[in-house]
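Just so we're aligned, residue 580 is where the sequence shown starts under the numbering used here, counting upward by one. We put the beta carbon where it would ideally sit given N, CA and C, even for glycine. Quick caveat: nothing in here was measured; it's all calculated off a predicted structure. Working notes for the structure below.
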Amino acid sequence: QDMACDTFLKIVQKCKRKFVIVQVGENEPFVSELLTGLPTTIADLEPHQIHTFYESTNTSVANSLGTYFLSQISLIFLDMLNVYRMYSELISSSIAEGGPFASKTSYVKLLRSVKRETLKLIETFLDKAEDQPQIGKQFVPPMMDPVLGDYARNLPDARESEVLSLFATIINKYKAAMIDDVPRIFEAVFQCTLEMITKNFEDYPEHRLKFFSLLRAIATHCFPALIRLSSQQLKLVMDSIIWAFRHTERNIAETGLNLLLEMLKNFQNSEFCNQFYQSYFLQIEQEIFAVLTDTFHKPGFKLHVLVLQHLFCLVESGGLTEPLWDVATVPYPYPNNTMFVREYTIKLLSTSFPNMTAAEVTQFVNGLFESRNELSAFKNHIRDFLVQSKEFSAQDNKDLYAEEAAAQRERERQRMLSIPGLIAPNEIQDEMLDS
C-alpha cells in the first residue's frame, strides 16, 4: 500500500494534465471520477497513506494553492503559534529536569517535530503566496517573539534550524520591507547560532547552511541594515563569512563565498566603501589565497577567482581613495594602492610558496593585474600557477576545471535534447514534462 500511494503521487506529479482533461471514451476527467469515489478509495488506507494520497495535509495544500491558502491559515495561525509556544515550554522544562541528554529522548524529539512542521507550513505558505505586502504584515510581526524569541532563549540542542530558513524565506520574499526587522532578527539568531557552529566543523550541520543562507538574504535584500551595524557587529559578520568559506563542506563554503561577493559589491557602491576596504581588503585577499592554495578547497576555485578579480579590478580602478596600508606603521608612503597591493601580494605568495623564485611570483602577480578585466584569462592564469606549484602538481586537479566540464556536459545534453528519443522521459527535468 505504501508503494502504491507513493507511485500514485509520482504519477500525479508527472502526468498532471492527463488527470484534468477528458480522455477518449470517457465522459469526465479522471480527477472528477477520483473525487467521487474518494471515500471508497481511501477506506482501507492507514493515516500516513491517506496523507500521501492527499499529498500530505496543510503543507502540501499550501504548496499547491499558494495565496488561496490564506483563508485556511488565517483561521489556524494564532492557534499554531500558541501550540508552538506551549511545546517550547514543554521542551524547556523537560531539558531543565532531565539535563542536556533529555533533548535526545523520543518524547522531546516528538515535541520538536511538531514545532518543525509548524515552521515548515508557515514557510511554505509565505514562499508560495503571491507577493502581497499585506500577507507579510499580517503574519510576520506575530511570529517575532514566539519564534525568534524562543530561538534565542532555548538551549543550543533545542533550537530549530527551520527558524533560520523561515526568516531567510521571509527576507527573500519581502526584501526591503524587512529592513527595520533585521536588527531584531540579528539580535535573536546571530550570536547564539555563531557560538553553536564555530566550535568545530561538524556539529549542527543544518544550522550551518541555513545560517549563511539567512545572512546572504540579508546582504542581498536588506544591505542598508548591515551598514547600520556597529563595527564590532560587522566584524562578527565578516569573521563568520571567512569562517564559512574555510569550511570543507562544499555547500557551506560556496554559500560563504557567494555571500562575500554580495558584500564586496554592495560596499563598493556605498558611501562606506573606503572604510570597509581599509578594514577588510588585505584580510580577505590573504584568506582567499589561503583557501585557493591549500588543495582542500578546490571545488570553490571558480568563486575564489571571482573574489580575487573583484579585488584587483577595484584597486586598479582607483575607486579606493584612501590608503590600504597602515600609515602609522608603514615607513614610507606608496604612490597609490595598486603599488602597495602588488608588493603585498608578492610578499604573501613568496611566503606561501617558498619553493618558487621571486621572479616567478612577481611574474604571476603582474599577470593578475594585466588579466584582471578578462575573466577567462584571469582564471587560466591562476589555474596555470596552481598546477605548476609543488602543492598541486601531484594532485588530481579536475575540480579546477569543473566549470568548463559542466559547460561541456550541458552543451552535450542540449544537443541530445534536440534529437527526439535520445533522452529517456524519466531523465528529462520536471518542468519540461507535461507541457
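Spatial neighbours of residue i in its chain, beta-carbon cut-off 6 angstroms, leaving aside the 5 residues before and after
{"i": "Y753", "result": "G715"}
{"i": "C892", "result": "R951"}
{"i": "I652", "result": "F704"}
{"i": "E534", "result": "Outside the displayed range of the chain (580 to 1014) lies residue 534, so it cannot be described from this structure."}
{"i": "A747", "result": "S792, L793, A796"}
7 angstroms Cβ shell around residue i - same chain, five flanking residues per side excluded
{"i": "M723", "result": "R763"}
{"i": "Q865", "result": "L927"}
{"i": "S849", "result": "I806"}
Reference residue i; option with closest CA among the options
{"i": "L890", "options": "H960, I867, F587", "result": "I867"}
{"i": "S809", "options": "P912, F855, T834, N837", "result": "F855"}
{"i": "I797", "options": "E841, S968, T827", "result": "E841"}
{"i": "F964", "options": "W904, G946, L624", "result": "G946"}
{"i": "L788", "options": "A804, T827, F802", "result": "T827"}
{"i": "Q580", "options": "T620, F860, L899, P878", "result": "T620"}
{"i": "Q1038", "options": "E612, F919, H883", "result": "Coverage of the chain is limited to positions 580 through 1014, which leaves residue 1038 absent and any answer about it impossible."}
{"i": "V966", "options": "R738, E901, P902, M935", "result": "M935"}
{"i": "H876", "options": "F860, N915, E607, A832", "result": "A832"}
{"i": "R695", "options": "E741, T684, E676", "result": "E741"}
{"i": "D585", "options": "F598, G616, Q628, F948", "result": "Q628"}
{"i": "V894", "options": "H883, V906, N915", "result": "N915"}
{"i": "E887", "options": "S929, Y911, I590, H960", "result": "For clarity, residue 887 is Leu in the given sequence; the question names Glu instead. Of S929, Y911, I590, H960, the residue nearest in Cα terms is H960."}
{"i": "D759", "options": "F957, F780, A804", "result": "A804"}
Residue i in three-state terms, based on DSSP
{"i": "E531", "result": "Any property of residue 531 remains undetermined from this structure, which presents the chain solely from 580 to 1014."}
{"i": "K778", "result": "coil"}
{"i": "S809", "result": "coil"}
{"i": "P933", "result": "coil"}
{"i": "K593", "result": "helix"}
{"i": "Q717", "result": "helix"}
{"i": "H627", "result": "helix"}
{"i": "H876", "result": "coil"}
{"i": "S685", "result": "helix"}
{"i": "Q711", "result": "coil"}
{"i": "N733", "result": "coil"}
{"i": "Q862", "result": "helix"}
{"i": "S819", "result": "helix"}
{"i": "A956", "result": "helix"}
{"i": "I867", "result": "helix"}
{"i": "A985", "result": "helix"}
{"i": "N845", "result": "helix"}
{"i": "S972", "result": "Per-residue confidence for S972 stands at a pLDDT of 48, beneath the threshold of 50, marking its modelled position as unreliable; the derived number appears in the next sentence. Looking at S972 - three-state DSSP - the assignment turns out to be helix."}
{"i": "N642", "result": "helix"}
{"i": "V761", "result": "helix"}
{"i": "Q942", "result": "helix"}
{"i": "C771", "result": "helix"}
Proximity of residue i and residue j at Cβ, strictly below 8 angstroms
{"i": "Y666", "j": "V693", "result": "yes"}
{"i": "N642", "j": "T697", "result": "no"}
{"i": "P720", "j": "L660", "result": "no"}
{"i": "L794", "j": "L838", "result": "yes"}
{"i": "L885", "j": "S819", "result": "no"}
{"i": "H800", "j": "N751", "result": "yes"}
{"i": "V870", "j": "F932", "result": "no"}
{"i": "L700", "j": "I670", "result": "no"}
{"i": "G835", "j": "F791", "result": "yes"}
{"i": "A767", "j": "L727", "result": "yes"}
{"i": "F765", "j": "I806", "result": "no"}
{"i": "P679", "j": "D736", "result": "yes"}
{"i": "E922", "j": "N853", "result": "no"}
{"i": "Q847", "j": "G898", "result": "yes"}
{"i": "V944", "j": "T924", "result": "yes"}
{"i": "F802", "j": "N845", "result": "yes"}
{"i": "S682", "j": "I674", "result": "yes"}
Close-in-space but distant-in-sequence residues of the same chain around residue i (CB under 8 angstroms, 5 per side omitted)
{"i": "M582", "result": "none"}
{"i": "R664", "result": "P725, D729"}
{"i": "D782", "result": "M775, I776"}
{"i": "N830", "result": "L788"}
Residue-chain proximity (residue i, chain D), Cβ-Cβ < 8 angstroms
{"i": "L689", "result": "As a matter of chain content, chain D is missing from the structure shown, which is built from one protein chain."}
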